[in-house]
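In order, the protein sequences belong to chains X and R.
Counting in the numbering used here, the first sequence runs from 1 upward without gaps.
Counting in the numbering used here, the second sequence runs from 158 upward without gaps.
Built from N, CA and C at the ideal position, the CB exists for glycine as well.
Structure, as structure tokens:
There are 2 protein chains.
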Amino acid sequence: MTPMPDRHASEPVSKSRLRLWLRILSASRHIEGELRERLRVEFATTLPRFDVMSALYRNEDGLKMSALSGVLKVSNGNVTGIVDRLVDDGLVLREQVEGDRRSFRARLTQRGREEFERQAVAHEAWIDELLSGVEQDRAWRLSDLLGDVAHRPGRKG
Amino acid sequence: MTPMPDRHASEPVSKSRLRLWLRILSASRHIEGELRERLRVEFATTLPRFDVMSALYRNEDGLKMSALSGVLKVSNGNVTGIVDRLVDDGLVLREQVEGDRRSFRARLTQRGREEFERQAVAHEAWIDELLSGVEQDRAWRLSDLLGDVAHRPGRKG
Chain X
1 MTPMPDRHAS EPVSKSRLRL WLRILSASRH IEGELRERLR VEFATTLPRF DVMSALYRNE
61 DGLKMSALSG VLKVSNGNVT GIVDRLVDDG LVLREQVEGD RRSFRARLTQ RGREEFERQA
121 VAHEAWIDEL LSGVEQDRAW RLSDLLGDVA HRPGRKG
Chain R
158 MTPMPDRHAS EPVSKSRLRL WLRILSASRH IEGELRERLR VEFATTLPRF DVMSALYRNE
218 DGLKMSALSG VLKVSNGNVT GIVDRLVDDG LVLREQVEGD RRSFRARLTQ RGREEFERQA
278 VAHEAWIDEL LSGVEQDRAW RLSDLLGDVA HRPGRKG
């Protein structure tokens with residue numbers, strides 16, 4: 001069912017790359033849609049909020065708001081609004097950065113860490129289920145081939 | 158530099174799938190971010206608007222609003238608002254569906270078709286540039302391996 005390379009042997013490389021992009025986009029949108037729905041239903045949370053908590057979980061000493069903005073730069077989240085809500089919910093503390101009165105750092109509370117751990121366990125199980133058609137060998141090969149697709153600067157010259 | 162499969166030979170398959178998902182997401186967000194920016198700068202348009210025009214371009218007789226909603230269901234676009242703007246801009250016509258007074262169909266105008274063609278040419282060139290590090294053979298193998306990742310129903314039982 002999947003197209004074989006030799007069917008496309010004479011196509012321009014731009015068409016092959018466009019097809020690849022549409023496949024990546026389709027996979028990504030399908031899975032993201034499922035994750036958004038499940039985060040909403042199971043944890044009454046959102047994907048940008050999950051992303052913020054994930055970044056804070058990996059940085060136990062907290063992150064400056066500017067660093068958090070970088071984390072969310074392409075997921076379209078409003079970092080300030082998300083952090084405000086997390087503070088209201090007792091999951092995040094906001095602390096002034098020493099030596100810079102205008103700068104704040106956000107850090108997960110103990111309850112925030114525990115809540116994120118529950119979400120992360122569910123998240124991994126959901127991905128395992130959503131990608132259950134991808135056997136381990138295929139997952140490895142795909143990860144390997146995808147490699148630096150995202151990190152190439154792209155722009156020439 | 159890319160991780161080799163045997164480094165992960167003893168990991169649970171859920172970890173391999175999670176790594177794959179993070180690679181897909183990273184590639185997708187990087188490229189989507191670039192596309193959003195370039196659509197804005199070059200064509201003063203947005204990705205959901207481009208997606209709507211793309212769907213209408215492929216369906217010359219037009220699409221019902223409900224079908225268009227399906228196209229955008231995971232890109233978070235507000236179909237009605239987008240179509241209203243496209244109508245104001247002279248790129249789309251809204252027609253009543255025969256035999257159903259409450260139902261509307263959207264269709265590209267000739268100017269809408271020409272405008273989308275310009276955008277589609279630029280879009281393909283951008284993807285070609287953004288994926289310029291992916292040679293044709295790798296693009297084929299990746300497309301082939303990604304295959305039905307997005308179309309598996311996911312839920313078990």
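> Taking all protein chains shown into account, do 16 or more other C-beta atoms lie within 10 angstroms of the C-beta of Thr-237 (chain R), making it buried, or fewer, making it exposed?
Replying inline: For the purposes of this step, residue 237 (chain R) is taken as the residue at position 80 of the second sequence. Thr-237 (chain R) should be labelled exposed.
> DSSP puts Glu-286 (chain R) in a beta bridge; with which residues?
Replying inline: Taking the first residue of the second sequence as 1, we reach residue 286 (chain R) at position 129. According to DSSP, which records beta bridges pairwise, Glu-286 (chain R) is partnered with nothing at all.
> Going along the stretch 275 to 296 of chain R in order, which residues come within less than 9 angstroms of chain X, judged by CB to CB distance?
Replying inline: Listed in sequence order: His-280, Glu-281, Ala-282, Trp-283, Ile-284, Asp-285, Glu-286, Leu-287, Leu-288, Ser-289, Gly-290, Val-291, Glu-292, Gln-293, Asp-294, Arg-295 and Ala-296.
>> With a threshold of 7 angstroms on Cβ separation, who are the neighbours of Phe-50 (chain X) within its own chain once the five nearest residues in sequence on each side are excluded?
In response: The residue given as residue 50 (chain X) occupies position 50 in the first sequence. Result list for Phe-50 (chain X): Leu-39 and Gln-119, in chain order.
> Closest to Ser-16 (chain X) by CA distance: which of R:Gly-304, R:Asp-294 and R:Asp-218 is it?
Replying inline: Within the first sequence, residue 16 (chain X) is the residue found at index 16, counting from 1. Ranking the options by Cα distance to Ser-16 (chain X), first place goes to R:Asp-294.
> Does the distance from the C-beta atom of Arg-180 (chain R) to that of Leu-146 (chain X) stay below 7 angstroms?
Replying inline: Residue mapping note: residue 180 (chain R) aligns to position 23 of the second sequence, counting from 1. Residue mapping note: residue 146 (chain X) aligns to position 146 of the first sequence, counting from 1. In contact: Arg-180 (chain R) and Leu-146 (chain X) (Cβ atoms closer than 7 angstroms).
> Would you call the stretch 93 to 100 of chain X and the stretch 125 to 141 of chain X touching, i.e. three or more CB-CB distances under 8 angstroms?
Replying inline: no
> Any residues in the stretch 27 to 48 of chain X with a beta carbon nearer than 7 angstroms to a beta carbon of chain R? Which ones, in chain order?
Replying inline: Ala-27, Ser-28, Arg-29, His-30, Ile-31, Glu-32, Gly-33 and Glu-34
> Beta carbon of Leu-177 (chain R), beta carbon of Ser-54 (chain X): below 7 angstroms?
Replying inline: Numbered from its first residue, the second sequence carries residue 177 (chain R) at position 20. Numbered from its first residue, the first sequence carries residue 54 (chain X) at position 54. It is not a contact, given that the beta carbons lie outside the stated cut-off.
>> Here's the rule I'm using: 16 or more other beta-carbon atoms within 10 Å means buried, otherwise exposed. How should Glu-189 (chain R) be labelled?
In response: Indexing the second sequence from 1 puts residue 189 (chain R) at position 32. With 16 or more Cβ atoms within 10 Å of its Cβ, Glu-189 (chain R) is classed as buried.
> Hey, which unbroken runs of the beta strand (DSSP E) at 3 residues or more fall wholly within the stretch 241 to 268 of chain R?
Replying inline: Along the stretch 241 to 268 of chain R, the beta strand (DSSP E) occurs as fully enclosed runs of 3 or more residues at 249 to 254 and 257 to 265, listed in sequence order.
> Is it right to say Pro-169 (chain R) is buried, meaning 16 or more other beta carbons lie within 10 angstroms of its own, or is it exposed?
Replying inline: Position 12 of the second sequence, counted from the first residue, corresponds to residue 169 (chain R). The residue is exposed, with fewer than 16 neighbouring Cβ atoms inside 10 Å.
> If you drop the 5 nearest sequence neighbours on each side, which residues of the same chain put their C-beta closer than 6 angstroms to that of Ser-171 (chain R)?
Replying inline: Counting from one through the second sequence, the residue named residue 171 (chain R) turns up at place 14. Closer than 6 angstroms at the Cβ level, and outside the excluded window around Ser-171 (chain R), lies no residue.
>> Looking at Ala-139 (chain X): is its Cβ nearer than 7 angstroms to the Cβ of Val-306 (chain R)?
In response: On the first sequence, residue 139 (chain X) is found 139 positions in, with the first residue counted as 1. On the second sequence, residue 306 (chain R) is found 149 positions in, with the first residue counted as 1. Not closer than 7 angstroms, so no.
> From this set, R:Leu-248, R:Thr-203 and R:Leu-229, which residue's C-alpha is nearest Thr-266 (chain R)'s C-alpha?
Replying inline: Within the second sequence, numbered from 1, the residue matching residue 266 (chain R) stands at position 109. Selected option, being the one with the closest Cα: R:Leu-248.
>> So for Leu-182 (chain R), helix, strand or coil by DSSP?
In response: Indexing the second sequence from 1 puts residue 182 (chain R) at position 25. Three-state DSSP puts Leu-182 (chain R) in a helix.
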